[in-house]
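So the structure is just underneath, and the comments pick up after that.
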Amino acid sequence: MHTAAVAPALRALLEHLVDYAGLFPPASLSMQDAAAEYATQQRGSHAWMLGRFVVPVARLEELAVAARSELEGRGMTEPWALSVLVSADPGGDASVIREFNRDNAGRLRVESVELRAATVEAVEFALAQLHDSLECYVEIPLDEEPTALLGAVKRHGARAKARTGGVTPDAFPSAASLARFIAACARLGVPFKATAGLHHPLRGEQRLTYEHEAESATMFGFLNVFVAAALARAGADEATLCAVLEERDADALAFDGASLRWRGHTVTAEELSATRHDRAISFGSCSFREPVADLRQAGLL
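Taken in order, the sequence shown gives residues 42 to 342; the numbers are from this note's numbering.
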């Protein structure tokens, strides 16, 4: 990868990209530690890369308590933007979220919700109960053709979610199935986010947890996924998307000023910005420091 500073094309790709999920494996931080880390990163030099704080609906009140000292003691002026994982009772959760937003106005604000659904009927049931003011992300399985599920998501004006890894090797989808999902989202005009297994910029062998002797697996890189989304938005076929998802050579990606180049393909900063706005929105990561450190090591930050 080649850059002299944070190139406009790279900034367009990375801005508010990382939803902070420090409560979840493999980090599995306490609420107090996760809140403190989020507050620290909001004040840091790479805060422009930071997205929402991800929290289960059942832990919202716990977050309100933990965040109070961070918000008041450190002079935070903007409310924290939250993405909430809802339960099997999305209607009840919607009421909880509405009350939470009212009680925490100016401090904490739930902006999006995330849920899982494996059938069209499950998608329809869940989304019918969630109010229109929230962005809704529906995690769907990637091991089957996604068009029907994505169609149901689109009918409700919702967004999709792809699980791109986990803490066991079998949690990682194939590059072909992820390429199929990204291509379908582009074809149908469905925005999506990704989650899990995307701590590193490029595809490669990485340890699954932070244990010293942890098992390793081949992980996707977040640059691979979001560059693939940009190419899909421009009409690239699944074979091309699969190739960029499997790219391991850092020198194959060049962020030169206002454009990104990859093996004969060029994407402008404006196209990357549009991709981030209406196609590939963000990814959840239990670490914010790790993606930043890897980008710095690569000479991109």
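Quick reminder that beta carbons are idealized off the backbone N, C-alpha and C, glycines included.
Let's test the definition: count the other Cβ atoms within 10 Å of the Cβ of residue i and tell me whether it reaches 16, buried, or not, exposed.
i: H253; result: exposed
i: A224; result: buried
i: F329; result: buried
i: P332; result: buried
i: D278; result: exposed
i: F131; result: It should be pointed out that residue 131 corresponds to Pro in this sequence rather than to Phe. When all chains shown are included, P131 counts as buried.
i: S210; result: The sequence shown places Pro at residue 210, rather than the Ser named in the question. Under this definition P210 is an exposed residue.
i: S153; result: buried
i: D134; result: buried
i: A45; result: In this predicted model, A45 has a pLDDT of only 45, less than 50, meaning its place in the structure is not dependable; the value taken from the coordinates is given anyway. That one is exposed.
i: P66; result: exposed
i: V106; result: exposed
i: Y79; result: buried
i: A159; result: exposed
Can you give me the C-alpha to C-alpha distance between residue i and residue j, rounded to a whole angstrom?
i: D297; j: T316; result: 18 Å
i: A199; j: D60; result: 18 Å
i: K234; j: A334; result: 22 Å
i: R148; j: H306; result: 43 Å
i: A53; j: A203; result: 21 Å
i: S86; j: A189; result: 42 Å
i: H240; j: F166; result: 33 Å
i: A293; j: L286; result: 12 Å
i: D319; j: E155; result: 17 Å
i: E162; j: Q82; result: 40 Å
i: E312; j: W89; result: 19 Å
i: L249; j: A62; result: 16 Å
i: L299; j: E56; result: A quick correction: the sequence has Ala, not Leu, at residue 299. Cα to Cα, the separation comes out at about 15 Å.
i: S136; j: D144; result: 12 Å
i: L183; j: V308; result: 26 Å
i: L171; j: G340; result: 43 Å
i: L264; j: G207; result: 18 Å
i: L51; j: G276; result: 21 Å
Under three-state DSSP, which class holds residue i?
i: Y61; result: strand
i: F263; result: helix
i: R157; result: strand
i: L341; result: coil
i: D297; result: strand
i: R330; result: helix
i: A75; result: helix
i: F233; result: strand
i: E152; result: strand
i: L272; result: helix
i: G192; result: helix
i: R289; result: coil
i: V179; result: strand
i: E186; result: coil
i: L112; result: helix
What residue range is occupied by the uninterrupted beta strand (DSSP E) comprising residue i?
i: A284; result: Per DSSP, A284 belongs to no beta strand (DSSP E); it is in the alpha helix (DSSP H), 279-286.
i: C226; result: From DSSP, C226 is part of no beta strand (DSSP E) but of the alpha helix (DSSP H) over 216-229.
i: P97; result: 91-97
i: S323; result: 321-326
i: R200; result: 200-204
Less than 8 Å separating the beta-carbons of residue i and residue j?
i: I322; j: P232; result: yes
i: G245; j: R289; result: yes
i: L168; j: H197; result: yes
i: L229; j: G192; result: yes
i: R150; j: A122; result: yes
i: E185; j: R157; result: no
i: C283; j: A227; result: no
i: L272; j: T281; result: yes
Does at least one heavy atom of the ligand FAD sit under 7 Å from the Cβ of residue i?
i: V179; result: In the structure shown, the ligand FAD is absent, as is every other ligand, since no ligand is present at all.
In the DSSP assignment, find the unbroken alpha helix (DSSP H) run with residue i in it and report its ends.
i: T250; result: Per DSSP, T250 belongs to no alpha helix (DSSP H) and is neither H nor E.
i: E140; result: 131-144
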